[in-house]
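> Can you keep this structure in mind? I'll have questions shortly.
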Amino acid sequence: MPTGTIRYWAAAKAAAGIAEEPYDAATLAEALDGVRGAHPGELVRVLQRCSFLVDGDPVGTRAHETVRLAEDGTVEVLPPFAGG
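And the structure:
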């Protein structure tokens, strides 16, 4: 099973209480299930509004079960940003 790093930004970082943590998952869906189990509460709600980058590539509307994770990969958790 691949291992890598999940990085949280902005509201996701605040809700998780950490900037990053390791994953041990084959797909984005498995990694996010692990995150939800480790951080019940506010982060679960924030994740519903987030977009994700996997190794720099946007996930977009692809089903998270179909997004494969690589060994030593990075998942970026990006909440909606405001500003202009």
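In our numbering, the protein residues as written are 10 to 93.
All residues carry an ideal CB built from backbone N, CA and C; glycine is no exception.
These numbers were taken from a predicted model, which means no experiment stands behind them.
(1) Provide the residue(s) that pair with D66 in DSSP beta bridges, ordered along the chain.
(2) Between D66, E74, T75 and T70, which lies nearest to G82 when the distance is taken from Cα to Cα?
(3) How is the beta strand (DSSP E) around V84 delimited, first residue to last?
(4) Could you tell me whether the region 44 to 51 touches the region 59 to 74, where touching means 3 or more Cβ pairs closer than 8 Å?
(5) Name the DSSP beta bridge partners of D33, please?
(6) Report the residue from G69, T14, P88 and F90 whose alpha carbon sits nearest the alpha carbon of A35.
Quick look at the numbers:
(1) Answer is V63, bridged to D66.
(2) D66
(3) G82 to L87
(4) no
(5) T12
(6) The candidate whose alpha carbon is nearest that of A35 is T14.
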